[in-house]
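Colleague: In this note's numbering, the protein residues as written are 700 to 935.
My questions all concern the structure below.
Here you go:
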């Protein structure tokens, strides 16, 4: 009887192990190709202010998603954007001011009472007024297929809703957004597009107004993102 119990335990162990290995083998991973001007990957944003809008781009980032057996509702992943890669146009001072608002710990720096950027549009590398939050993170917690599975099987296109968690300026905030996805015919890559809106207030972010010719110019708390991301399967 004892030997039978040992046999059953070992059988269950190896069955569980083989099942986990099979599930792992069925999981596919797609990595984000670097965003920028020279490839299809684009992360653009629009930020309103007193006299109009600033249009900018993100020029670096990392990320990946995983899928189990090609099922979009199993899509999970994470993305990471360095705030140093965010550009609001061709204005280095404005870029530095944005890094102030996103990256400083206000309790350690004398901000927003005053601007910390120096005359070279740089922030201190050490000390309380240095960058404490250098990254923006987004984690995909859940995915829901909005279009039909049969249409996706035929066209390789689908509409999904992503539920995820942002981490920015030391704060976390959960939200969800609709995205379109389109896979290549061989399944080696896919593009995803979506429009997002974030509110700086949700992360305790304050953008200090600047004075120009005696006028105070302030930035809106809402930022609009337009994503066009290219994901490539690992191993291709």
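We treat Cβ as the ideally placed atom computed from N, Cα and C, and that holds for glycine.
To the nearest angstrom, how far is the alpha carbon of residue 802 from that of residue 828?
Modeller: Taking the straight line joining both Cα atoms gives about 10 Å.
Colleague: Following the continuous alpha helix (DSSP H) through residue 850, name the residue where it begins and the one where it ends.
Modeller: Start and end: 848 to 854.
Colleague: Please classify residue 867 as buried or exposed, where buried requires at least 16 other C-beta atoms within 10 Å of its C-beta.
Modeller: With 16 or more other Cβ atoms within 10 Å, it is buried.
Colleague: In the DSSP assignment, what residue or residues form a beta bridge with residue 773?
Modeller: Its beta-bridge partners do not exist; DSSP assigns none.
Colleague: Could you give the C-beta distance for residue 907 and residue 811, rounded to a whole number, given that I count them as a contact under 8 Å?
Modeller: Confirmed, about 4 Å.
Colleague: Leaving out the 5 sequence neighbours to the left and right, which residues in its chain are closer than 7 Å to residue 779 when beta-carbon positions are compared?
Modeller: Result list for residue 779: 760, 761, 762, 834, 836, in chain order.
Colleague: Quick one: what's residue 782 bridged to in DSSP?
Modeller: According to DSSP, which records beta bridges pairwise, residue 782 is partnered with nothing at all.
Colleague: Using a Cβ-Cβ cut-off of 8 Å (strictly less than) and excluding sequence neighbours within five positions of residue 842, which residues of its own chain qualify?
Modeller: Cβ neighbours of residue 842 beyond the five flanking positions: 771, 772, 773, 774, 775, 859, 860, 861, 862.
Colleague: Residues in its own chain within less than 6 Å of residue 743 by CB, not counting five upstream and five downstream?
Modeller: Answer for residue 743: 756, 925, listed in chain order.
Colleague: Taking its Cβ as the centre, do 16 or more other Cβ atoms sit within 10 Å of residue 813, making it buried, or is it exposed?
Modeller: Exposed: under 16 other Cβ atoms inside 10 Å.
Colleague: How would you call residue 819, buried or exposed, if buried means at least 16 neighbouring beta carbons within 10 angstroms?
Modeller: By the 10 Å Cβ count, residue 819 comes out exposed.
Colleague: For residue 893, which residues from the same chain have a beta carbon less than 6 Å from its beta carbon, with the 5 sequence-adjacent residues on both sides left out?
Modeller: Around residue 893: 876, 878, 926.
Colleague: In chain order, which continuous runs of the beta strand (DSSP E) of length 3 or greater are located wholly inside the segment 823 to 887?
Modeller: You should have 834 to 844, 856 to 867, 870 to 882.
Colleague: With DSSP as the reference, label residue 934 as helix, strand or coil.
Modeller: If DSSP states are grouped into helix, strand and coil, residue 934 belongs with coil.
Colleague: According to DSSP, is residue 790 helix, strand or coil?
Modeller: Residue state, collapsed to three classes: coil.
Colleague: To the nearest angstrom, how far is the alpha carbon of residue 740 from that of residue 890?
Modeller: Answer to the nearest angstrom: the Cα atoms are 9 Å apart.
Colleague: Spatial neighbours of residue 768 within its chain, please: CB distance less than 6 Å, with the 5 preceding and 5 following residues excluded, ordered by chain position.
Modeller: Cβ neighbours of residue 768 beyond the five flanking positions: 725.
Colleague: What number of angstroms, rounded off, separates the C-alpha of residue 901 from the C-alpha of residue 934?
Modeller: Their Cα atoms are separated by approximately 38 Å.
Colleague: In its own chain, which residues sit with a C-beta less than 6 Å from the C-beta of residue 733, not counting the 5 before and 5 after it?
Modeller: Excluding sequence neighbours, residue 733 sits near nothing in its chain.
Colleague: Suppose contacts are defined by Cβ-Cβ distances below 9 Å. Is residue 991 in contact with residue 903 by that definition?
Modeller: Since the first residue of the chain shown is 700 and the last is 935, residue 991 is not available in this structure.
Colleague: Between residue 928 and residue 731, what straight-line distance do the alpha-carbon atoms span, to the nearest angstrom?
Modeller: So the alpha carbons of these two residues sit roughly 7 Å apart.
Colleague: Give me whichever residues DSSP pairs with residue 762 in a beta bridge.
Modeller: In the DSSP output, where bridge partners are listed per residue, residue 762 has 778.
Colleague: Which of the three DSSP states is assigned to residue 817 in this structure?
Modeller: Three-state DSSP puts residue 817 in coil, outside helix and strand.
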